[in-house]
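Engineer: Residue numbers (this note's numbering): 448 to 596.
Just so it is clear, CB atoms sit at the ideal spot from N, CA and C, and this is done for glycine as well.
First the structure, which I've put down as structure tokens, then a few questions once you've had a look.
Below you can see the structure in the form of structure tokens.
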């Protein structure tokens with residue numbers, strides 16, 4: 448199959464969105480066959496680094512802010528600002544795996560929002576905190592990422 452994408456077909460994307468209620472990047476190729484571009488083909492494997500706790504916190508803070516999608520950038524940067532400094536090594540490990548193992552940031556967002564069930568490997572204290580954080584019970588303004596300092 449030729450994977451050269453010539454153009455996205457908005458009608459097909461709308462159809463896929465309404466049919467599945469999931470975000471899709473379905474586009475049309477020269478052969479008029481849909482291509483699902485949600486595979487893990489370019490995502491490097493997650494490798495745990497042997498780093499100090501302070502370096503890990505700094506890396507996780509940066510990765511929480513630079514997600515590639517605004518929703519998770521806002522969600523995770525405000526979450527990191529609120530909780531990251533108080534996390535112990537176990538929580539840092541759980542958070543590291545949560546934001547670095549899934550290859551699709553929409554999965555993280557949908558799990559936190561309760562739209563999709565959380566896989567067993569991510570059901571932990573950090574996910575519980577993230578799900579509570581996304582509810583924003585105190586109605587905090589989260590329209591910009593918090594300052595770094």
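#1: Let me know the secondary structure DSSP gives residue 552 once reduced to three states.
#2: One question on the structure: do residue 510 and residue 546 come within less than 9 Å of each other, judged by their Cβ atoms?
#3: Compute the Euclidean distance between the alpha carbons of residue 581 and residue 502, then round it to the nearest angstrom.
#4: Give me the Cα-Cα distance between residue 544 and residue 528, rounded to the nearest whole angstrom.
#5: Can you tell which of 553, 520, 523, 539 has its C-alpha closest to the C-alpha of residue 496?
#6: From residue 594 to residue 588, what distance separates their C-alpha atoms?
#7: Ordered along the chain, which non-local residues of its own chain (more than five positions away) have a Cβ less than 8 Å from that of residue 599?
#8: Apart from the five residues just before and just after residue 558, which ones in its own chain have a Cβ nearer than 6 Å to its Cβ?
#9: Give me, in chain order, the residues of the same chain whose beta-carbon lies closer than 7 Å to that of residue 578; leave out the 5 immediate sequence neighbours on both sides.
#10: Classify residue 573 as helix, strand or coil using the three-state DSSP reduction.
#11: Along the chain, where does the alpha helix (DSSP H) that runs through residue 508 open and close?
#12: Reducing DSSP to helix, strand and coil, say where residue 534 ends up.
#13: Give the secondary structure of residue 523 by DSSP, where H, G and I count as helix, E and B as strand, and everything else as coil.
#14: What does a CB cutoff of less than 6 Å around residue 492 pick up in its chain, not counting 5 residues either side in sequence?
#15: In whole angstroms, give me the CA-to-CA distance for residue 553 and residue 532.
Structural biologist: A quick look at the data gives this:
#1: Here residue 552 corresponds to residue number 105 of the chain shown, with the count starting at 1. Residue 552 falls in the helix class under three-state DSSP.
#2: The residue given as residue 510 occupies position 63 in the chain shown. The residue given as residue 546 occupies position 99 in the chain shown. Judged by beta-carbon spacing, residue 546 lies within the 9 Å limit of residue 510, meaning their Cβ atoms are closer than that value.
#3: Start at 1 with the first residue of the chain shown, and residue 581 comes out as number 134. Start at 1 with the first residue of the chain shown, and residue 502 comes out as number 55. Roughly 26 Å separates the two Cα atoms.
#4: Residue mapping note: residue 544 aligns to position 97 of the chain shown, counting from 1. Residue mapping note: residue 528 aligns to position 81 of the chain shown, counting from 1. If you take the alpha carbons of residue 544 and residue 528, they lie about 18 Å apart.
#5: Position 49 of the chain shown, counting from 1, holds the residue named residue 496. If we check each option's Cα against that of residue 496, 539 comes out closest.
#6: Residue 594 sits at position 147 when you count from the first residue of the chain shown. Residue 588 sits at position 141 when you count from the first residue of the chain shown. Note on geometry: alpha-carbon atoms of residue 594 and residue 588 lie some 13 Å from one another.
#7: Nothing about residue 599 can be reported from this structure: the residues present for the chain run from 448 to 596 only.
#8: As a first step, residue 558 must be located in the chain shown, where it is residue number 111. Close CB contacts of residue 558 within its chain, under the 6 Å cut and outside five residues either way in sequence, are with 565 (chain order).
#9: Position 131 of the chain shown, counted from the first residue, corresponds to residue 578. For residue 578, the CB contacts under 7 Å within the same chain, skipping 5 residues up- and downstream, are 559, 561 in chain order.
#10: Numbered from 1 along the chain shown, position 126 holds the residue referred to as residue 573. When DSSP states are grouped into helix, strand and coil, residue 573 belongs to the helix group.
#11: Locating residue 508 in the chain shown gives position 61, where the first residue counts as 1. Following the DSSP letters along the chain, one finds residue 508 inside the alpha helix (DSSP H) bounded by residues 500 to 512.
#12: Counting from one through the chain shown, the residue named residue 534 turns up at place 87. DSSP places residue 534 in coil when its eight states are reduced to three.
#13: Locating residue 523 in the chain shown gives position 76, where the first residue counts as 1. Here DSSP, grouped into helix, strand and coil, assigns residue 523 to helix.
#14: Within the chain shown, numbered from 1, the residue matching residue 492 stands at position 45. Cβ within range, chain order: n/a, list empty.
#15: Position 106 of the chain shown, counted from the first residue, corresponds to residue 553. Position 85 of the chain shown, counted from the first residue, corresponds to residue 532. Taking the straight line from one Cα to the other gives about 25 Å.
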